Amino acid sequence: MIERINRLLAEIEAIKAGSLEEVEQLRLKYLSKKGLVTVMFDDFKTVPAELKREVGQRLNELKNKAGQRIEELKSGFDQVQASSATSLDLTRPVNSMQPGTRHPLSIVRNQIIEIFGRIGFTVADGPEIEDDWHNFSALNFTADHPARDMQDTFFIATNPDILLRTHTSSVQIRTMENTKPPIRMIFPGRVFRNEAISARAHCIFHQVEGLYIDKNVSFADLKQSLMYFAKEMFGENTKIRLRPSYFPFTEPSGEMDVSCLICGGVGCNICKHTGWVEILGCGMVDPNALENCGIDSQAYTGFAFGMGIERITMLKYQIRDLRLFFENDVRFLQQFTGS
Ligand code: DAH
């Protein structure tokens, strides 16, 4: 009897099933009324009294083992079924998602790109680590030119020729060196200056440079393009004015103001009671800058402009402290919607 129990035990430990129906077949085979395990209990009557205890124990063990094994096989199939597509509960609520918002500087940069895109300007990029030639010399800043003082930056001690660009005008030079006119491009990017950080200045900020070179480009084209931009960016009623200024790489040079968005030109503390706020520098590209890049200044003329994205964003959204752009406080960032 013990021998038969052991054999059956070994057999049951090894049983396998390929489906739930097969498991049921096995249950019937071993545990139904006429099952192999059940009938062993019938034979128990014939076991001699002195062996009854041991045989009884082993029989119960066999019955438990068989039950356990059948359950094991069954639950394997239950799990497969639960994870199959047919039992996927599509009505369950999803985990809530919190999409981020675009940074205000990115929103405004994309708007600038989009506005100039409508009048034919494409976008190009340049390196943030520059050499003296592209950031200064080719732009007509001679080695001891006082205009360099206004754009102090970060130099590398072992090589003064390498610096962090102070403006995106460096990309003007790179583009003119490599592209045959006509050129109609804007260059957005990050720039660096050695400035103490305050509500109005930072050692890192962003600019968008613009460049249009072709035959017969005039100051009228410059004015018209910038007026279009100002109205698209700040609203149809925006007025512009150009004041004479100086940049080494443009001649003549100007600075452009827009009528104050806050007071509409009447005067308030944002525009320091002048009714105007400055938004960019511009001018006709100096013939020296064209020649430095291998462009024939007799055949071609062009205009350029450069604006600070922080400044435009602060005006547009009435943000009073530039440091907010860099602090990444979500309470600030979540207030802006746009693409
Ligand atoms: N690069 C100048 C700056 O950062 C801005 C500027 C002025 C760019 C006049 C221009 C320009 O292209 O024509 O102060």
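All letters in the sequence shown, in the order written, are residues -16 to 322 by my numbering. Yeah, the Cβ is synthetic: ideal placement off N, Cα and C, and Gly gets one too. Computed from a predicted model, the values in this text were never measured in an experiment.
Buried or exposed by the 16-neighbour rule on C-beta atoms within 10 Å, applied to residue i
i      : result
Ala213 : buried
His256 : exposed
Ser208 : buried
Tyr13  : buried
Gln281 : exposed
Thr105 : exposed
Arg314 : exposed
Gln317 : exposed
Ile139 : exposed
Arg224 : exposed
Arg10  : buried
Gly324 : The structure shown does not extend to residue 324, since the chain is modelled only from -16 through 322, so no value can be given for it.
Tyr300 : exposed
Pro129 : exposed
Ala121 : buried
Gln134 : buried
Ile166 : buried
Glu4   : exposed
Thr233 : buried
Residues of its chain near residue i, where Cβ-Cβ distance is below 7 Å and the 5 sequence neighbours each way are ignored
i      : result
Cys186 : Phe175, Arg176, Asn177, Glu178, Ile180
His117 : Ser153, Ile156, Arg157
Gln94  : Met216
Gly193 : Phe99, Phe104, Ile169, Ala287, Phe288
Pro270 : Ser280
Ile102 : Ser208, Tyr211
CB contact flag (residue i, residue j, <8 Å)
i      : j       : result
Ile169 : Phe99   : yes
Pro231 : Ile196  : no
Pro171 : His189  : yes
Arg249 : Ile262  : The sequence as given places Val at residue 249; Arg does not occur at that position. No.
Ile145 : Ile112  : yes
Met239 : Cys276  : no
Thr296 : Thr84   : no
Val191 : Met80   : no
Arg183 : Leu88   : no
Leu244 : Leu307  : no
Val260 : Cys251  : no
Arg52  : Ile(-2) : yes
Thr136 : Leu147  : yes
Residue i - partner residues in DSSP beta bridges
i      : result
Ala287 : Leu194, Gly266
Arg167 : Tyr195
Ile187 : Phe175
Cβ neighbours of residue i in the same chain (closer than 8 Å, five flanking residues each side left out)
i      : result
Val38  : Met(-16), Ile(-15), Ile(-12), Phe27, Val30
Leu45  : Ile(-12), Leu(-9), Leu(-8), Ile(-5), Val20, Met23
Phe202 : Pro235, Met267, Phe286
Arg131 : Phe119, Phe124
Asp279 : Leu273
Ser322 : Arg85, Ile90, Asn93
Asn199 : Thr284
C-beta neighbour in chain D for residue i, strict 8 Å
i     : result
Gly59 : Structure shown: chain D not included; a single protein chain is present.
Contact set for residue i: own chain, Cβ-Cβ below 6 Å, skip 5 residues either direction
i      : result
Ser228 : Ser236, Gly237, Glu238
Leu56  : Ala0, Val6
Ala204 : The sequence given here places Asp at residue 204; Ala does not occur at that position. Contacts found: none.
Gly258 : Cys243, Gly248, Gly250
Glu160 : Cys276
Q: Identify every run of the alpha helix (DSSP H) within the stretch 103 to 146, keeping only runs that are complete inside it and at least 4 residues long; order them along the chain.
A: 115 to 118
Q. Quick one: complete beta strand (DSSP E) runs, 3+ long, within the stretch 206 to 262?
A. 223 to 230, 233 to 242
Q: Run through the stretch 4 to 54 for me and flag every whole alpha helix (DSSP H) of 4 or more residues, listed as ranges in chain order.
A: 19 to 26
Q: At 4 residues or longer, and completely inside the stretch 272 to 319: list those alpha helix (DSSP H) runs for me, N to C.
A: 292 to 300, 307 to 310, 313 to 316
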